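J.: Numbering (my numbering), first residue to last: 4 to 377.
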Amino acid sequence: MASLSLRGIHKVYPGDVTAVNDFNLEIEDKEFVVLVGPSGCGKSTTLRMVAGLEEITKGELYIDGKLVNNIPPKDRDIAMVFQSYALYPHMTVYNNMAFGLKLRKMPKAEIDRRVREAAQILGIEALLNRKPAALSGGQRQRVALGRAIVREPKVFLMDEPLSNLDAKLRVQMRTEITKLHKRLQTTFIYVTHDQMEAMTMGTRIVLMKDGVMQQNDTPQNLFDHPANLFVATFIGTTQMNIIKVKLVPREGKMYAEFENNSIRVPDAIVKRMKSDRYIGKEVYLGIRPENMHDEEEFIAASPDSLIDVSVEIVELMGSETYLHLQTSGKDDNVVARVDPRSPARAGDKIPVALDANRLHFFDVETEKTILNRV
Ligand code: ADP
Numbered sequence: 004m005a006s007l008s009l010r011g012i013h014k015v016y017p018g019d020v021t022a023v024n025d026f027n028l029e030i031e032d033k034e035f036v037v038l039v040g041p042s043g044c045g046k047s048t049t050l051r052m053v054a055g056l057e058e059i060t061k062g063e064l065y066i067d068g069k070l071v072n073n074i075p076p077k078d079r080d081i082a083m084v085f086q087s088y089a090l091y092p093h094m095t096v097y098n099n100m101a102f103g104l105k106l107r108k109m110p111k112a113e114i115d116r117r118v119r120e121a122a123q124i125l126g127i128e129a130l131l132n133r134k135p136a137a138l139s140g141g142q143r144q145r146v147a148l149g150r151a152i153v154r155e156p157k158v159f160l161m162d163e164p165l166s167n168l169d170a171k172l173r174v175q176m177r178t179e180i181t182k183l184h185k186r187l188q189t190t191f192i193y194v195t196h197d198q199m200e201a202m203t204m205g206t207r208i209v210l211m212k213d214g215v216m217q218q219n220d221t222p223q224n225l226f227d228h229p230a231n232l233f234v235a236t237f238i239g240t241t242q243m244n245i246i247k248v249k250l251v252p253r254e255g256k257m258y259a260e261f262e263n264n265s266i267r268v269p270d271a272i273v274k275r276m277k278s279d280r281y282i283g284k285e286v287y288l289g290i291r292p293e294n295m296h297d298e299e300e301f302i303a304a305s306p307d308s309l310i311d312v313s314v315e316i317v318e319l320m321g322s323e324t325y326l327h328l329q330t331s332g333k334d335d336n337v338v339a340r341v342d343p344r345s346p347a348r349a350g351d352k353i354p355v356a357l358d359a360n361r362l363h364f365f366d367v368e369t370e371k372t373i374l375n376r377v
């Protein structure tokens, strides 16, 4: 069990590559923090600095209030699980899990207790005498987790541990790791490039881009209150639609206008705008595909937030349908996630209604949200 504090952490690799830039993060005991972001954004580097596998160029790392910048990995009481599992091929599952403890000269009986308990937690008791070559990908992943569990570390670090598994197994292991976290009651720091993994597993998510933290928040807040355009479009199974609009006030009401379309911005959202200086100016409007509707009732009830579109492609996914739409005039493409019973067909010209209470707005220069949270 441990809390961590990363203060002003920088990593500059030889050749002047800044991989992590002024990273600040407080992690409380027992949290499940996910570092997420596109490839190359500095997630692994951050994790490796916590593990002690990578030197910290500048800044301070505290574990349980103790400065550990110069403490070697083996003395940090941390266990790391890698994407590549890194199992010893010539050893049985039992010995793979026991090896690190033997090196520490732990009494045999205690090693045996820990290995069997970890095997039981992970459901691999029947595999203890096998060698890694005789295991499936999912089983190997469990052994790698087991090897970390037996050390009873203060902090678990996981670097893309599910990347080598097929899609179905990945979803299954996702829940297993979440359960493991609940059972072990230990601090987890988990790295992934997959926003879905981050959203489903993390109690807190840190989204990074180009070595810089973009937002540090709960999954729900990241989804509902993205701090900027990057967060808005990275989080969500289907990407948020972004349209450049002009905010036009008329008769005490506010409208977001583009091409021939005018969408009434609800007063509650206008009140949340950080500044009056956006009035009369161009901003980015964001709307998630699931907040665009083609059902008759919704359209009838939303005369102030209709836009005219032509349907370009209809993607049937089974439980939902994606409509790829082109707005009138210019070439703004948007996607709507609608009911699979939608009658829309390619070539149709239809109105769609935006759920105006779910609008997001961003500054066109800074790309930051212009809305305060409620
Ligand atoms: P991520 O885990 O998000 O994919 P990394 O932390 O692996 O990103 O890498 C961040 C940046 O640092 C990338 O630009 C990468 O090319 C660079 N980088 C990573 N490791 C090294 C290294 N050993 N030497 C030089 N540059 C590196």
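Think of the CB as a built atom: it goes at the ideal place given N, C-alpha and C, for glycine as much as any other residue. Computed from a predicted structure; not experimentally measured.
Could you please give me the residues that DSSP links to Gly289 through a beta bridge?
T.: In the DSSP output, where bridge partners are listed per residue, Gly289 has Ile245, His363.
J.: Can you tell me which residues fall inside 5 Å of ligand 1, judged by beta-carbon distance to its nearest heavy atom, and keep chain order?
T.: Those residues, listed in chain order, are Tyr16, Val20, Ala22, Ser42, Gly43, Cys44, Gly45, Lys46, Ser47, Thr48.
J.: When burial is assigned at 16 or more other CB atoms within 10 Å of the CB, is Lys14 buried or exposed?
T.: Buried is the call here.
J.: Considering Phe102, what are the terminal residues of the alpha helix (DSSP H) in which it resides?
T.: First-last of the alpha helix (DSSP H) with Phe102: 96-106.
J.: Select from Gly43, Asn231, Pro156 the residue whose C-alpha is nearest the C-alpha of Thr195.
T.: The residue with the shortest Cα to Cα distance from Thr195 is Gly43.
J.: Cα separation between Asp279 and Val251?
T.: The straight-line gap from Cα to Cα measures roughly 12 Å.
J.: Can you tell me the Cβ-Cβ gap for Ile127 and Gly149, rounded? I've got them flagged as a contact below 8 Å.
T.: About 7 Å separates the two Cβ atoms, so the contact holds.
J.: Thinking just about the alpha-carbon of each residue, which of Val367, Thr190, Arg376 is nearest to the one in Glu155?
T.: Ranking Val367, Thr190, Arg376 by Cα distance to Glu155 puts Thr190 first.
J.: Run through the segment 223-281 for me and flag every whole beta strand (DSSP E) of 3 or more residues, listed as ranges in chain order.
T.: Fully enclosed beta strand (DSSP E) runs of 3 or longer: 244-253, 256-261, 264-268.
J.: In terms of residues, what are the limits of the alpha helix (DSSP H) holding Asp32?
T.: From DSSP, Asp32 is part of no alpha helix (DSSP H); its letter is neither H nor E.
J.: Using the Cβ count rule (16 or more neighbours within 10 Å means buried), how would you classify Thr221?
T.: Result: exposed.
J.: Is the CB of Ile245 under 7 Å away from at least one CB in chain B?
T.: The structure shown contains no chain B, having only a single protein chain.
J.: According to DSSP, is His13 helix, strand or coil?
T.: His13 falls in the strand class under three-state DSSP.
J.: Enumerate in chain order the residues of its own chain whose CB-to-CB distance from Lys61 is below 6 Å, with the five nearest sequence positions on each side excluded.
T.: His13.
J.: Is it right to say Val20 is buried, meaning 16 or more other beta carbons lie within 10 angstroms of its own, or is it exposed?
T.: Burial call: exposed.
J.: Near Thr369, what residues of its chain come up, given a Cβ to Cβ distance below 8 Å and the 5 sequence neighbours on each side ignored?
T.: The answer, listed in chain order, is Asn231.
J.: Between the segment 93-110 and the segment 163-177, can you find at least three pairs of beta-carbon atoms closer than 8 Å?
T.: No, they do not touch.
J.: With distance defined between alpha-carbon atoms, name the residue in Leu125, Leu357, Glu318 nearest to Val153.
T.: Ranking Leu125, Leu357, Glu318 by Cα distance to Val153 puts Leu125 first.
J.: To the nearest whole angstrom, what separates the beta carbons of Arg133 and Val158, a pair I think is in contact under 8 Å?
T.: Going by Cβ atoms, the distance from Arg133 to Val158 rounds to 29 Å, so no, they are not a contact pair.
J.: Do Val39 and Ala235 have their beta-carbon atoms positioned less than 7 Å apart in this structure?
T.: Contact flag unset, no.
J.: State buried or exposed for Thr240, treating a residue as buried only when at least 16 other CB atoms are found within 10 Å of its CB.
T.: With fewer than 16 Cβ atoms within 10 Å of its Cβ, Thr240 is classed as exposed.
J.: Can you tell me whether Leu50 is buried or exposed? The criterion is at least 16 other CB atoms within 10 Å of its CB, across all chains shown.
T.: Leu50 should be labelled buried.
J.: What residues match up with Ala82 in a beta bridge as DSSP calls it?
T.: Beta-bridge pairing links Ala82 to Phe159.
J.: So, do the segment 259-269 and the segment 350-365 have three or more beta carbon pairs nearer to each other than 8 Å?
T.: Taking 8 Å as the limit for Cβ pairs, the verdict is that the segment 350-365 does touch the segment 259-269.
J.: Distance, Cα to Cα, Leu168 vs Ala82?
T.: About 21 Å.
J.: Would you mind sorting Leu106 into buried or exposed? The rule is 16 or more other CB atoms within 10 Å of its CB.
T.: Flag for Leu106 reads exposed.
J.: Taking all protein chains shown into account, decide if Met320 is buried (16 or more other Cβ within 10 angstroms of its Cβ) or exposed.
T.: Counting Cβ neighbours within 10 Å, Met320 comes out exposed, since fewer than 16 surround it.
J.: Thr21 bridges to which residues according to DSSP?
T.: For Thr21, which the question treats as bridged, DSSP gives the partners Val15.
J.: Measuring alpha carbon to alpha carbon, tell me which of Ile310, Arg275, Met52 ends up nearest Leu160.
T.: The residue with the shortest Cα to Cα distance from Leu160 is Met52.
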